[in-house]
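> Sharing a structure with you now.
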Amino acid sequence: MRKNLMYALPVTLAIGAVTGGFATGSADAATLFPLFPNVEQVRASSPSGTGFGGTLAKEYKDLSLFEADDMGDWEDAEFFAGRSLRSGGGDLPMPTEPEKWDIQNASARSELQAARTDLVSVLDAGGREKAPTEAAVAQTRYDCWVEQEEEGHQFDHIAACRASYLAAMEALRNAMKPTNVTYETVQEEIARDTIYFEWDKANIRGDQQGELDRFLDEMRKIEPVTLYIEGHADTSGPQDYNADLSRRRAESVRAELLRQGMTIGEIKDLDIQAKGENDLAVQTGDGVREERNRRVVVIATGQSTQEKTVKVDQSASVTKQ
1460 MRKNLMYALP VTLAIGAVTG GFATGSADAA TLFPLFPNVE QVRASSPSGT
1510 GFGGTLAKEY KDLSLFEADD MGDWEDAEFF AGRSLRSGGG DLPMPTEPEK
1560 WDIQNASARS ELQAARTDLV SVLDAGGREK APTEAAVAQT RYDCWVEQEE
1610 EGHQFDHIAA CRASYLAAME ALRNAMKPTN VTYETVQEEI ARDTIYFEWD
1660 KANIRGDQQG ELDRFLDEMR KIEPVTLYIE GHADTSGPQD YNADLSRRRA
1710 ESVRAELLRQ GMTIGEIKDL DIQAKGENDL AVQTGDGVRE ERNRRVVVIA
1760 TGQSTQEKTV KVDQSASVTK Q
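So this is what it looks like as structure tokens:
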């Protein structure tokens, strides 16, 4: 809508004209309230809801306050405020019609008309219901573009609103694509157990044997599982000795698992830089005997089925004749 002269002037001058020319400084909301009641009503509103109407109300509110507070364009702020209030009340407005705005650039007007036809077709094809957030954003970005084209002088703003609308339409179309649900099988960790060792020993302690037995009993209930083994040592003793000791502890547990008929995925290389003093369960200084660091960790992995949703590309392939 083409603004009249008063709204084309800076806000301080506009208020001066209304009040007799005595206003100084920028106009505040209270001064403008009688002229633009929707703006102040929407400023105090709290649009809620994730549906099309609720999102539309929030987006139009943001657009209204931007025009009022940042641009000093109170007439368009009032227009967008009214749309926000309507949307919040369930009276959903359609995208603005560029023919009703004083857009001087014929090429821009034609592009806007084509864009509106496209937008309305997507909205009417279920966009409001299938992708309410994306649909609301697309509509308000379109209205922003129309409003900026009518003003016709802030070319960076026109470009920004147009680009934002095009991006919003792409997001809307993507959100509306039908989906194919497929299932894939993945290997993932399902449980782990830790077996502790005496200092400088690699044989399984009696109390830890019972712990290992209970763990394996649980694993048998959920077969098939694959068991992986990690060996560790504390910081007492030389590093190369601890590396060998860690490996012997892992092999001791491996032999027990095989004896009980469990599947072994692998014995991981017990590199001292990876499993020795650099991978302690309890941080200690060098040369410290710490039982919680003298351990073998048995990790059980199993297969699980996960749902995978894929958007369907409906673009038709073209076959040359």
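Anchor point for the sequence shown: position 252 equals 1711 in the numbering used here, and the numbering is continuous, going up by one each time. Every residue, glycine too, gets a C-beta built ideally from N, C-alpha and C.
Terminal residues of the continuous beta strand (DSSP E) containing D1652?
Counting along the chain, the beta strand (DSSP E) containing D1652 begins and ends at 1638-1655.
> Around the C-beta of F1656, are 16 or more other C-beta atoms found within 10 angstroms, so that it is buried, or is it exposed?
buried
> S1711 by DSSP, collapsed to three states: which one?
Of the three classes helix, strand and coil, the one that applies to S1711 here is helix, per DSSP.
> Using 8 Å as the threshold, is the stretch 1512-1523 in touch with the stretch 1589-1603, meaning 3 or more CB pairs across them?
Under the 8 Å Cβ criterion, the stretch 1512-1523 counts as touching the stretch 1589-1603, having at least three qualifying pairs.
> When you compare the stretch 1568-1579 with the stretch 1535-1555, are there three or more beta-carbon pairs, one atom per stretch, that lie closer than 8 Å?
Contact between the stretch 1568-1579 and the stretch 1535-1555 is present, because at least three Cβ pairs lie under 8 Å.
> Terminal residues of the continuous alpha helix (DSSP H) containing G1512?
1511-1524
> Could you spell out where the alpha helix (DSSP H) holding I1688 opens and where it closes?
For I1688, there is no enclosing alpha helix (DSSP H); the residue is found in the beta strand (DSSP E) stretching over 1684-1690.
> With burial defined as no fewer than 16 other Cβ atoms inside 10 Å of the residue's Cβ, what is the status of H1612: buried or exposed?
Burial call: exposed.
> Would you call the CB atoms of R1651 and V1756 closer than 8 Å?
yes
> When you compare only the Cα positions, how much space is there between G1480 and E1526?
Unreliable placement is indicated for G1480, whose pLDDT of 28 sits below 50; no coordinate value is reported for it.
> Apart from the five residues just before and just after T1644, which ones in its own chain have a Cβ nearer than 6 Å to its Cβ?
Q1762, T1764
> Where does D1602 land, buried or exposed, given buried means 16+ other C-beta within 10 angstroms?
buried
> Can the beta-carbon of E1606 be found less than 8 Å from the beta-carbon of N1564?
Cβ atoms of E1606 and N1564: not closer than 8 Å.
> May I ask you to list the residues that DSSP assigns as paired with A1759?
A1650, L1686
> Could you compute how far the alpha carbon of L1717 sits from the alpha carbon of E1629?
About 57 Å.
> I'd like to know whether the C-beta atoms of E1537 and A1595 end up nearer to each other than 8 Å.
Not in contact: E1537 and A1595 (Cβ atoms no closer than 8 Å).
> What three-state label does DSSP hand G1541 in the structure shown?
Here G1541 sits in helix by DSSP.
> What is the rounded straight-line gap between the Cα of A1626 and the Cα of K1520?
Cα-Cα distance, rounded: 20 Å.
> By the three-class DSSP mapping on this structure, what secondary structure does T1764 have?
strand
> Is G1724 closer than 8 Å to L1686 when the C-beta atoms are compared?
Cβ atoms of L1686 and G1724: closer than 8 Å.
> Report the option in R1673, G1720, D1738, R1568 whose CA atom is closest to the CA atom of D1782.
This structure cannot settle anything about residue 1782, because the visible part of the chain is limited to 1460 through 1780.
> Mapping the DSSP letters down to three states, classify I1860 as helix, strand or coil.
Past the boundaries of the shown model lies residue 1860; the chain is included only from 1460 to 1780, so the question cannot be answered.
> Using 8 Å for Cβ pairs, my map puts W1658 next to R1753. What's the rounded Cβ distance?
7 Å
> For a test of the three-state rule: what should DSSP assign to G1531, helix, strand or coil?
Correct three-state label for G1531: coil.
> Measure the C-alpha to C-alpha separation of S1523 and S1569 and round it to an integer number of angstroms.
25 Å
> Which whole-angstrom value is the C-beta distance of I1758 and S1711, which I expect to be below 8 Å?
The pair is not a contact, with the Cβ atoms about 16 Å apart (cut-off 8 Å).
> To the nearest angstrom, how far is it from the Cα of N1497 to the Cα of D1561?
23 Å
> How far does the alpha helix (DSSP H) with W1560 in it extend, from its first residue to its last?
Element bounds for W1560: n/a, residue is neither H nor E.
> In or out: N1701 buried (at least 16 other Cβ within 10 Å) or exposed?
buried
> Who pairs with I1723 in a beta bridge, going by DSSP?
L1686
> In the DSSP assignment, find the unbroken alpha helix (DSSP H) run with L1571 in it and report its ends.
Judged by DSSP secondary structure, L1571 falls within the alpha helix (DSSP H) whose first and last residues are 1565-1581.
> What's the call for Q1667, buried or exposed, on a 16-neighbour Cβ count within 10 Å?
buried
> By DSSP's criteria, R1754 is part of a beta bridge. Which residues make up the other side?
Y1655
> If you run the structure through DSSP and keep just helix, strand and coil, what is M1678?
helix
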